[in-house]
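Novice: I'd like to ask you about the structure that follows.
Residue numbers (our numbering): 22 to 126.
Pasting the structure below:
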């Protein structure tokens, strides 16, 4: 009887640990989306498109980066979908907004 209980406990513990690691990974990817969005917004606000493209290349694999400019502000959104087998997809997004530097349009 102890053997069956131990086997079930080990399986449950393995599933909990695997799911927890996946969730931590999602948090890391979402932070990368926010960081990339902030970097791109900052560089676009300065008018430095080359550095903005470089910052976009730091986005998580498979991420979509969209940039809009309105009312003197640069808005950047970085989105990516992640899944773990049948769990997901989970939609992760990072957004940043930065005022345009004087002389930039």
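Glycine included, every Cβ here is placed at the ideal spot set by N, Cα and C.
1. Could you please give me the residues that DSSP links to residue 110 through a beta bridge?
2. Looking at the secondary structure, which residues open and close the beta strand (DSSP E) in which residue 88 lies?
3. Return the first residue and the last residue of the beta strand (DSSP E) that residue 100 is part of.
4. Is DSSP giving residue 115 helix, strand or coil here?
5. Using 8 angstroms as the threshold, is the segment 54-70 in touch with the segment 107-122, meaning 3 or more CB pairs across them?
6. Are the CB atoms of residue 97 and residue 113 nearer to each other than 8 angstroms?
7. Could you pull the DSSP bridge partners for residue 120 from this structure?
8. In whole angstroms, what separates the C-alpha of residue 69 from that of residue 28?
9. Distance, Cα to Cα, residue 47 vs residue 93?
10. Using a threshold of 8 angstroms, state whether the C-beta atoms of residue 61 and residue 88 are closer than that.
11. Going by DSSP in three states, residue 57 sits in which element: helix, strand or coil?
Specialist: Per the coordinate set shown:
1. Bridge partners of residue 110: none, in fact.
2. Residue 88: member of the beta strand (DSSP E) spanning 85-91, first to last residue.
3. Element bounds for residue 100: 94-105.
4. Three-state result, residue 115: strand.
5. Counting Cβ pairs under 8 angstroms, three or more are found: they touch.
6. For residue 97 and residue 113, no; Cβs fall outside 8 angstroms.
7. Residue 120 pairs with 94.
8. Here the C-alpha atom of residue 69 lies approximately 58 angstroms from the C-alpha atom of residue 28.
9. Each residue's Cα considered, the two are about 33 angstroms apart.
10. The answer is yes: Cβ separation under 8 angstroms.
11. Helix at residue 57.
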